[in-house]
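Colleague: Please see the structure below; I have some questions.
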Amino acid sequence: MEMDAAAFEALVIDELDQLPDDMVDGLENVVFVVEDRPEDGTLDLLGLYDGLALTERTQYGMGELPDRIVLFWEPHLAQCDTETELRDEIHTTLVHEIAHFYGLDDEQLHEMGWA
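If you read the sequence shown in numbering that gives the first Met the number 0, its first letter stands for residue 0, the second for the next number, and so on.
Encoded structure:
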């Protein structure tokens with residue numbers, strides 16, 4: 000599938016807007032970023048949570064850099080054949096990475112069907 004980064008970012012924004020309010024209302028000091036690929040250049044990783052989960056925070060507040068939820072557009076395009084598949088994968092990636100913000104690990108996400 001082919002799509003430029005700007006069009007992919009628009010899909011991410013659209014899918015983010017469609018997530019339930021109770022999932023996104025608790026996101027504090029988090030930015031969403033679209034990047035080409037992971038640093039290692041592979042196409043295996045779709046997203047990344049870069050931050051400190053709520054369950055691990057002790058003192059967290061003013062002056063902290065925001066946590067980042069990164070979606071990699073080239074791996075998404077490599078794994079999807081249609082826009083419908085791409086939207087579904089973006090949605091799943093967003094939920095997965097947001098879950099890491101809330102402290103859920105990959106094992107818990109796997110049990111819930113999100114890993």
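For glycine and all other residues, C-beta sits at the position ideal for the given N, C-alpha and C. Here the structure is a predicted model, which means the values were calculated and not measured.
1. Hey, how far is the Cα of Ile97 from the Cα of Arg56?
2. Is the beta carbon of Pro37 closer than 8 Å to that of Leu44?
3. Would Leu108 and Thr92 be called neighbours here (beta carbons separated by less than 8 Å)?
4. Taking the alpha carbon of Phe100 as the reference point, which residue from Leu64, Asp49, Asp87 has its own alpha carbon closest?
5. Does the Cβ of Glu1 have 16 or more other Cβ atoms within 10 Å, making it buried, or fewer, making it exposed?
6. Roughly how many whole angstroms lie between the Cα atoms of Cys79 and Arg86?
7. Could you give the first and the last residue of the continuous alpha helix (DSSP H) run that contains Asp16?
8. Straight-line CA distance for Leu76 to Val32?
Modeller: Put simply:
1. 16 Å
2. yes
3. no
4. Asp49
5. exposed
6. 9 Å
7. 4-16
8. 16 Å
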